[in-house]
Amino acid sequence: MITVGYRFQPSSRHFIGTVEQKQREILGNQIQNTYHLFDVAVERQMTPRLSLTGSLPIFFAYRNQLYNPRGEYRVRSIGDMTLGGRMWLFRPPTESGGNVAVGVSLKLPTGKYNAVGTARDAAGNVIQATADQSIQAGDGGVGFAIDTQAYRPFKWGFMGYFSGSYLFNPRDTNGVSTFRRRRGEEVMSVSDQYLARGGLARAVPGVRGLVVTFGGRIEGVPVRDLLGRSNGFRRPGYAISGDPGFLYARWGYVFSCSVPWAIERNRRRSVTDIANGFHGDAAFADYVVTLGVSKRF
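Quick note on the numbering used here: the sequence shown kicks off at 4 and runs consecutively.
Structure below.
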């Protein structure tokens with residue numbers, strides 16, 4: 004099976020903790036990030052329970068940075084590749100109609116993690132400066148991820164679903180300069196990441212192949228990694244979103260769309276924030292658009 008995915012994410016709403024910094028928009032000094040992420044994933048079914056997986060992201064990002072080194076940064080690069088496998092705990096189809104899968108994958112540092120852009124320093128000189136960590140296509144670390152997905156039928160035609168993943172990044176920092184002056188923030192951290200989503204799905208009566216979904220979603224970066232140290236600059240925190248969407252199966256393809264809409268955003272204090280008695284901010288998105296198309300051969 005081949006799946007091509009697309010994610011669009013504009014972010015410009017700044018938060019410290021769960022408090023929005025509304026003055027940034029009023030003063031016109033908010034940072035605007037725009038992401039376009041394409042992902043090509045391949046899954047090879049080896050047995051009814053076991054499959055091998057691989058994915059390669061293609062990343063485009065833009066950032067207007069209003070502090071030094073100030074400028075407009077654009078990054079175009081492949082992202083970090085993943086290779087792995089997934090196994091269903093029960094041989095499909097199951098008697099209950101539900102199942103649970105567990106997967107493990109290796110993340111390789113194929114994405115550019117030291118992209119630069121043309122900017123101006125405090126003296127007004129034109130320089131080549133490192134792009135902000137938030138728009139780097141990779142993180143420079145070899146990591147591994149554990150993921151799970153599950154589904155189960157309920158009454159009245161509803162199907163419950165859940166998926167989650169946690170990326171372990173044991174590397175501490177990647178050595179790339181951030182141009183920041185606070186102690187401990189001189190280089191970028193290589194952070195863990197997590198994502199979980201779940202909800203209910205139901206076929207639409209009278210419309211062949213159409214399924215609507217609604218659930219919740221949380222994704223973020225932890226303050227401290229589960230493996231390794233957590234030094235360097237990072238923006239830990241999470242976004243909780245409502246997650247409506249639909250699936251449409253036709254002509255041997257499955258088309259999908261979801262638009263998670265943020266309910267809560269929280270920029271937590273990092274290890275360096277705590278050490279420096281500070282609480283940094285982060286720009287979050289109001290919404291994310293995800294599209295996908297899959298074809299099984």
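No residue lacks a Cβ here, since even glycine has one placed at the ideal position from N, Cα and C.
Which stretch, first to last residue, makes up the alpha helix (DSSP H) that contains residue i?
i	result
ASN36	Careful: ASN36 lies outside any alpha helix (DSSP H), inside the beta strand (DSSP E) at 35–48.
GLU28	26–30
Going straight from the alpha carbon of residue i to that of residue j, what length do you get?
i	j	result
VAL292	VAL214	18 Å
GLY130	ARG184	Note that residue 130 corresponds to Ile in the displayed sequence, not to Gly. Taking the straight line from one Cα to the other gives about 18 Å.
ARG10	TYR290	11 Å
TYR70	MET162	48 Å
PRO112	PHE147	11 Å
VAL103	GLY82	28 Å
GLY255	ARG16	40 Å
ARG73	GLY127	9 Å
ARG52	GLY280	51 Å
PRO239	VAL210	43 Å
GLY295	SER259	5 Å
TYR154	ARG200	12 Å
TYR116	ILE138	9 Å
Can you tell me where the beta strand (DSSP E) holding residue i begins and where it ends?
i	result
ASP150	146–156
SER14	5–19
PRO60	53–68
VAL103	102–111
ARG185	Where ARG185 is concerned, there is no enclosing beta strand (DSSP E), given that its DSSP letter is neither H nor E.
SER192	190–192
THR121	119–123
SER80	74–81
VAL129	129–133
For residue i, does the three-state DSSP call read helix, strand or coil?
i	result
ASN279	helix
ARG270	strand
GLY295	strand
GLY160	helix
ASN177	strand
PHE300	coil
ARG237	coil
SER166	strand
GLY201	strand
GLU207	The question names Glu, but residue 207 is Val in the sequence shown. VAL207 falls in the coil class under three-state DSSP.
PHE93	coil
VAL226	coil
ALA265	strand
For residue i, list the residues DSSP reports as bridge partners.
i	result
ILE138	ILE138 is not bridged to any residue.
TYR251	LEU213, PHE258
ASP246	GLY218
GLY88	LEU55, VAL107
VAL288	The amino acid at residue 288 is misidentified as Val; the sequence shows Ala. Answer is SER14.
Taking only beta-carbon positions, decide if residue i is within less than 8 Å of chain D.
i	result
ARG94	Among the chains of the structure shown, chain D does not appear; only one protein chain is present.
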